[in-house]
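Engineer: Reminder that position 88 of the sequence shown reads as 88 in full-length UniProt numbering, one-by-one numbering, no gaps. Just so it is clear, CB atoms sit at the ideal spot from N, CA and C, and this is done for glycine as well. Just passing along the structure, written as structure tokens.
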Amino acid sequence: MKKFSSLYECYGFIGVFYLFICIIYTKLSFRQARLIRLPFDIRNRSYIKIGKNLTTGRNCRLETYNKNKVGLILGDNCELNDNVHIACAESIVIMDNVLIASRVFITDLNHGCYSNSSPSLPESIVSKRPLDSSKVVIGDNCWLGEGVVITKGVQLGKNCIVAANSVVTKSFPKNSIVGGVPAKVIKFYDEDSQEWKTAN
Numbered sequence: 001m002k003k004f005s006s007l008y009e010c011y012g013f014i015g016v017f018y019l020f021i022c023i024i025y026t027k028l029s030f031r032q033a034r035l036i037r038l039p040f041d042i043r044n045r046s047y048i049k050i051g052k053n054l055t056t057g058r059n060c061r062l063e064t065y066n067k068n069k070v071g072l073i074l075g076d077n078c079e080l081n082d083n084v085h086i087a088c089a090e091s092i093v094i095m096d097n098v099l100i101a102s103r104v105f106i107t108d109l110n111h112g113c114y115s116n117s118s119p120s121l122p123e124s125i126v127s128k129r130p131l132d133s134s135k136v137v138i139g140d141n142c143w144l145g146e147g148v149v150i151t152k153g154v155q156l157g158k159n160c161i162v163a164a165n166s167v168v169t170k171s172f173p174k175n176s177i178v179g180g181v182p183a184k185v186i187k188f189y190d191e192d193s194q195e196w197k198t199a200n
């Protein structure tokens, strides 16, 4: 009763009722998850693997276009806030204990190829262009801030922090704080001195 009273104080009657519906949905549809807040959009679920204790905010969308294997993998204890969109054509792996803020977009694909090898023609219909993809990995214990975009081919080492509204277009080693458009290293953790140091 004390727990209900605390929830009522925080969310009000409608909020508590909404959470109750979300808990029922979670336990019926994603038994290993902690809490899936509705609405929740998952496409080609058979090819998406979700670890234990997943928590999501509202309006999250997980989708994979690869129907040959499990393409999108979320590890244990991941937290996704509102309006997170993850779109996978080949492989996206999000490791354990990753915290993702609201309005984050993670993808391993482009519509079309824009390098010199087999480039897409400018007049070709964008939605009809072949998908160009490259594996994405978000390491253990990473934190992606509000409005972050992760593009194809990016691999983040464990314990990385990505500043709000950054666009990550390349990979970074473990224990890095990155930010900007495109993102670059702002600070890194020096294991010898056990200090966060500003990048040159």
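1. Just the C-alpha distance for T161 and D190, rounded to the nearest angstrom, thanks.
2. What are the boundary residues of the beta strand (DSSP E) that R43 is part of?
3. Can you give the beta carbon distance from G71 to I94, rounded, assuming they're within the 8 Å contact cut?
4. Quick one, are the C-beta atoms of V181 and V154 less than 8 Å apart?
5. My output table needs one value for I24: the three-state DSSP class, helix, strand or coil.
6. Can you look up Y65 in the DSSP assignment and give me helix, strand or coil?
7. Can you list, in chain order, the stretches of the beta strand (DSSP E) that have 3 or more residues and sit fully within the stretch 82-110?
8. Buried or exposed: E123, going by 16 or more other Cβ atoms within 10 Å of its Cβ?
9. DSSP has C10 in a bridge; who is on the other side?
10. Return the CA-CA distance between F20 and V104, expressed in angstroms with no decimal places.
11. In this structure, how does DSSP classify L54 when only helix, strand and coil are distinguished?
12. Can you tell me whether DSSP reads G179 as helix, strand or coil?
13. Please report the distance separating the alpha-carbon of L156 from that of A183.
14. Look at L80 and W143 and say whether their C-beta atoms are less than 8 Å apart.
15. My output table needs one value for V167: the three-state DSSP class, helix, strand or coil.
16. For my contact list, G179 and A199 are in at a C-beta cut-off of 8 Å; report their separation, rounded to the angstrom.
Structural biologist: Straight from the coordinates:
1. If you number the sequence shown from 1, residue 161 lands on position 161. If you number the sequence shown from 1, residue 190 lands on position 190. Reading off the sequence shown, one finds Ile at residue 161, where the question assumed Thr. Between I161 and D190, the alpha-carbon positions lie close to 15 Å from each other.
2. Within the sequence shown, residue 43 is the residue found at index 43, counting from 1. Note, R43: beta strand (DSSP E), F40 to R43.
3. Your numbering for residue 71 matches position 71 in the sequence shown. Your numbering for residue 94 matches position 94 in the sequence shown. Rounded to the nearest angstrom, the Cβ distance from G71 to I94 is 12 Å, too far for a contact under 8 Å.
4. What you label residue 181 is simply residue 181 of the sequence shown in a count that begins at 1. What you label residue 154 is simply residue 154 of the sequence shown in a count that begins at 1. V154 is positioned such that its CB atom lies no closer than 8 Å to that of V181.
5. Taking the first residue of the sequence shown as 1, we reach residue 24 at position 24. For I24, the three-state secondary structure derived from DSSP is helix.
6. Against the sequence shown, residue 65 aligns to sequence position 65. In this structure, DSSP gives Y65 a state outside helix and strand, which the three-state scheme calls coil.
7. As for any beta strand (DSSP E) of minimum length 3 sitting wholly inside the stretch 82-110, the runs are 85-88, 92-94 and 105-107, ordered along the chain.
8. Walking along the sequence shown from the start, residue 123 turns up at place 123. The residue is exposed, with fewer than 16 neighbouring Cβ atoms inside 10 Å.
9. Taking the sequence shown and counting its residues from 1, one reaches residue 10 at position 10. Residue pairing for C10: DSSP places it in no beta bridge.
10. Position 20 of the sequence shown, counted from the start, is the residue given in the question as residue 20. Position 104 of the sequence shown, counted from the start, is the residue given in the question as residue 104. So the two alpha carbons sit approximately 26 Å from each other.
11. The residue given as residue 54 occupies position 54 in the sequence shown. In the structure shown, L54 adopts coil according to DSSP, grouped into three states.
12. In the sequence shown, counting from the first residue as 1, residue 179 sits at position 179. Three-state result, G179: strand.
13. As a position in the sequence shown, residue 156 is number 156, starting the count at 1. As a position in the sequence shown, residue 183 is number 183, starting the count at 1. Rounded to whole angstroms, L156 to A183 spans 12 Å at the Cα level.
14. In the sequence shown, residue 80 corresponds to position 80, counting from 1. In the sequence shown, residue 143 corresponds to position 143, counting from 1. With contacts defined as CB atoms closer than 8 Å, L80 and W143 fail to qualify as a contacting pair.
15. Here residue 167 refers to the residue found at position 167 of the sequence shown. Collapsing the DSSP output to three states places V167 in a strand.
16. In the sequence shown, counting from the first residue as 1, residue 179 sits at position 179. In the sequence shown, counting from the first residue as 1, residue 199 sits at position 199. In fact, because the Cβ distance is near 11 Å, the residues do not count as touching under 8 Å.
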